[in-house]
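Everything in the sequence shown is counted per my numbering, starting at 57 for the first residue and increasing by one.
By construction, the Cβ of each residue, glycine as well, lies at the ideal position given by its N, Cα and C atoms.
First the structure, in the form of structure tokens, and then the observations on it.
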Amino acid sequence: METPDPERLIVFDTTLRDGEQSPGISLNVAQKLEIARALEALGVDVIEAGFPAASPGDLQAVSAVASAVAGPAVCALARCHEGDIRAAEQALRTAARPRMHVFIATSPIHRRHKLKLTAAQVLQRARQGIRLALEACPDVQFSAEDATRTEPGFLAEVVTMAVESGVRTVNIPDTVGYTTPVEYAQTIESVCRALRSQPHAVISVHCHDDLGMAVANSLAGVAAGARQVECTINGIGERAGNAALEEIVMAVRTRHDRWPLRTGIESRRLTGISGLVSRHTGFTVPPNKAIVGANAFAHESGIHQHGVLGDTRTYEIIRAEEVGASTSLVLGKHSGRHAFENWLHGRGVTLQPRALESAFQVFKAEADRAGPVDDRRILAIARAAQAAGEWRVLDVRSVGAGKACRIELELQSRDGRVHRGCGAGTLPEAVAAAVSGASGVEIGLLTCAHELQSIGDGTQASARVEVRIVDTVRSGVAVAPSEAEALVHAIVDMLPAPSGRLEVTS
Ligand code: KIV
Ligand code: ZN
Numbered sequence: 057m058e059t060p061d062p063e064r065l066i067v068f069d070t071t072l073r074d075g076e077q078s079p080g081i082s083l084n085v086a087q088k089l090e091i092a093r094a095l096e097a098l099g100v101d102v103i104e105a106g107f108p109a110a111s112p113g114d115l116q117a118v119s120a121v122a123s124a125v126a127g128p129a130v131c132a133l134a135r136c137h138e139g140d141i142r143a144a145e146q147a148l149r150t151a152a153r154p155r156m157h158v159f160i161a162t163s164p165i166h167r168r169h170k171l172k173l174t175a176a177q178v179l180q181r182a183r184q185g186i187r188l189a190l191e192a193c194p195d196v197q198f199s200a201e202d203a204t205r206t207e208p209g210f211l212a213e214v215v216t217m218a219v220e221s222g223v224r225t226v227n228i229p230d231t232v233g234y235t236t237p238v239e240y241a242q243t244i245e246s247v248c249r250a251l252r253s254q255p256h257a258v259i260s261v262h263c264h265d266d267l268g269m270a271v272a273n274s275l276a277g278v279a280a281g282a283r284q285v286e287c288t289i290n291g292i293g294e295r296a297g298n299a300a301l302e303e304i305v306m307a308v309r310t311r312h313d314r315w316p317l318r319t320g321i322e323s324r325r326l327t328g329i330s331g332l333v334s335r336h337t338g339f340t341v342p343p344n345k346a347i348v349g350a351n352a353f354a355h356e357s358g359i360h361q362h363g364v365l366g367d368t369r370t371y372e373i374i375r376a377e378e379v380g381a382s383t384s385l386v387l388g389k390h391s392g393r394h395a396f397e398n399w400l401h402g403r404g405v406t407l408q409p410r411a412l413e414s415a416f417q418v419f420k421a422e423a424d425r426a427g428p429v430d431d432r433r434i435l436a437i438a439r440a441a442q443a444a445g446e447w448r449v450l451d452v453r454s455v456g457a458g459k460a461c462r463i464e465l466e467l468q469s470r471d472g473r474v475h476r477g478c479g480a481g482t483l484p485e486a487v488a489a490a491v492s493g494a495s496g497v498e499i500g501l502l503t504c505a506h507e508l509q510s511i512g513d514g515t516q517a518s519a520r521v522e523v524r525i526v527d528t529v530r531s532g533v534a535v536a537p538s539e540a541e542a543l544v545h546a547i548v549d550m551l552p553a554p555s556g557r558l559e560v561t562s
């Protein structure tokens, strides 16, 4: 048998088996297939597709994945029972690279209270299961369930028997998420010692997150000599879940100094597959989740935004693009002027220093008072600051509806003069004509959208317009208590300073 490459970490994904065992998750065959194809594109080495003896649906899903996937090995789980092994054999019939995964619990508490078998009987049943599995499939993996609560001597005896019988991979699960990194490293070292004379055997880690240490334990096991890591996308799995694939892969990649190993994972696909698994399982990803959470590369505080604008490495240890994400500067009450100006630049808005300061102050006050300020509102604030000092809207009166609206308005120019205008037609036409009449600026209305929205107990109107003003196309947004006022502000905020030829039309 070939000795495995000591610098290669085998990624065994069990999203479709242990992940699907999470209370509340049930994937249909089509969903399992879509995830399996995405796992193949991601570059995992093994896809554990299900537990065929659990239900006819699971058998069908494993069989569908086995037929659809060519790159990774496709694995099916079975207890050391003949019926389970036959079901797994049937499900894997069409697999290009089948792997059968047989397991039995080895810890005293499982032996006594679940299996009602002595240690010798467990060893005997494991031996029989492995023999049957090897008759059905050349690539067999054996797991000693609850290995971390098993007597070290008995664990060594079981895994030695497994490898001597022909098993290629022995998995040492921390089934109940009880171990710690130091203890788990010792367990893996002891298994490595027991298998010293069997260099072809791959030792695998499989950790649960009951104490929040699944990833740390897995990585400690890898540092101690394991070369296969079992994990799931987004860390889904029984109870508190399994070790998250994306965290393990990125830890190994980012801290190559600690784990000088390679995986076959295309890390740019991590964010995409995380979203896919979240959509199909209905398990949302917390915003602060490492690697794939919405905030993993987002910065709101002024100090951090300033640093990131200088060099993302000031506050990011992974380039967002490496995992298929992007760095974002979120504007909020902790943001600084620098980020505010940068955000506006990114949307084509440049403000003079005075206007920038005034817009920034309005934005900070709103963010402090009411929490997140939405993008349209920030743009409206900036436009208002841009126009401040040129024109102020004093009064807007609107009558009529549909195509028969009439608008009368009063604007004040910076020199204090009041200018009146009126217009008729649809609401946007009437507003454009009235603003044009009051300001003396020719306005060509190109596109326009306006709506009344419910906000808490009341309403708020928003408007977005695109106009041609003296050969330049400009777009503006505004929110105001009524649609007529929102339209007036959206246009007035874009007006240039009054020309010498102002006419008052009413
Ligand atoms: O957690 C566990 O022990 C398992 C085994 C079946 C590998 O999932
Ligand atoms: Zn498990």
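Pull the bridge partners of residue i from the DSSP assignment, please.
i, result
"proline 229", "His262"
"aspartate 451", "Glu466"
"methionine 156", "Ala132, Val196"
"serine 531", "Glu522"
"aspartate 69", "Ile103, Cys287"
"histidine 355", "Leu385"
"arginine 168", "Note: arginine 168 sits in no beta bridge, so no partner."
"alanine 517", "Leu508, Ala536"
"valine 474", "Gln468"
"leucine 173", "Looking at the DSSP assignment, leucine 173 forms no beta bridge with any residue, so it has no partner."
"glutamate 201", "Ala161"
"asparagine 298", "His264"
"isoleucine 499", "Ile525"
"glycine 479", "Ile463"
Would you say residue i touches the ligand ZN, meaning its beta carbon is less than 7 Å from a heavy atom?
i, result
"threonine 231", "yes"
"glutamate 294", "yes"
"histidine 566", "A question about residue 566 goes unanswered here, because the residues of the chain that appear run from 57 up to 562."
"asparagine 273", "no"
"valine 262", "Looking at the sequence shown, residue 262 is not valine but histidine. Within the cutoff, so yes."
"aspartate 266", "no"
"aspartate 549", "no"
"asparagine 298", "yes"
"aspartate 367", "no"
"aspartate 74", "yes"
Using 8 Å as the threshold, is the C-beta distance between residue i and residue j below it?
i, j, result
"histidine 319", "leucine 501", "Here residue 319 is threonine; the residue named in the question, histidine, does not match the sequence. Not in contact: threonine 319 and leucine 501 (Cβ atoms no closer than 8 Å)."
"serine 492", "glycine 514", "no"
"alanine 109", "alanine 92", "no"
"isoleucine 347", "leucine 326", "yes"
"glycine 481", "cysteine 461", "yes"
"alanine 519", "valine 529", "no"
"isoleucine 141", "leucine 98", "no"
"isoleucine 160", "glutamate 220", "no"
"glycine 293", "glycine 75", "yes"
"valine 118", "threonine 162", "no"
"valine 271", "alanine 299", "yes"
"alanine 494", "histidine 506", "no"
"valine 548", "valine 449", "yes"
"valine 487", "alanine 440", "no"
"asparagine 273", "serine 330", "no"
"valine 85", "alanine 120", "yes"
"glutamate 35", "serine 323", "Residue numbering for the chain in the displayed model covers 57 to 562; residue 35 lies beyond these limits and cannot be assessed."
"threonine 288", "leucine 301", "yes"
"proline 484", "valine 521", "yes"
"valine 158", "proline 128", "no"
"valine 178", "arginine 168", "no"
Is it the case that the CB of residue i approaches a heavy atom of the ligand KIV more closely than 7 Å?
i, result
"serine 199", "yes"
"arginine 137", "Contrary to the premise, residue 137 reads as histidine rather than arginine in this sequence. No, the beta carbon of histidine 137 sits no closer than 7 Å to any heavy atom of the ligand KIV."
"leucine 211", "no"
"leucine 407", "no"
"asparagine 351", "no"
"aspartate 114", "no"
"leucine 133", "yes"
"phenylalanine 159", "yes"
"asparagine 84", "no"
"asparagine 227", "yes"
Does residue i come within less than 8 Å of chain D when only Cβ atoms are used?
i, result
"tryptophan 399", "In summary, chain D is missing from the structure at hand, where a single protein chain is found."
Following a CB-centred definition, is residue i positioned closer than 7 Å to any heavy atom of the ligand GDP?
i, result
"proline 342", "Absence of the ligand GDP from the depicted structure is noted, with the ligand KIV and the ligand ZN being the only ligands included."
I want to know whether the segment 263-278 touches the segment 230-248 - three or more CB-CB distances under 8 Å. Three or more pairs of CB atoms, one per stretch, sit closer than 8 Å, so the segment 263-278 contacts the segment 230-248.
Would you be able to state if there are at least three C-beta pairs under 8 Å between the segment 404-417 and the segment 382-389? They do not touch, by the three-pair rule.
Can you list the beta strand (DSSP E) stretches of 3 or more residues lying completely in the segment 80-124, in chain order? Listed in chain order, the complete beta strand (DSSP E) runs (minimum 3 residues) inside the segment 80-124 are 102-106.
Using a Cβ distance threshold of 8 Å, determine whether the segment 209-228 contacts the segment 186-199, with at least three qualifying pairs required. Put simply, the segment 209-228 touches the segment 186-199. At least three CB pairs are less than 8 Å apart.
With contact counted as at least three CB pairs below 8 Å, one residue from each stretch, are the segment 144-160 and the segment 124-133 in contact? A contact is defined here as three or more CB-CB pairs under 8 Å, and the segment 144-160 meets this definition with respect to the segment 124-133.
Taking 8 Å as the cut-off, does the segment 237-247 touch the segment 268-281 (at least 3 CB pairs, one atom from each stretch)? The segment 268-281 and the segment 237-247 touch, with no fewer than 3 CB-CB distances between them shorter than 8 Å.
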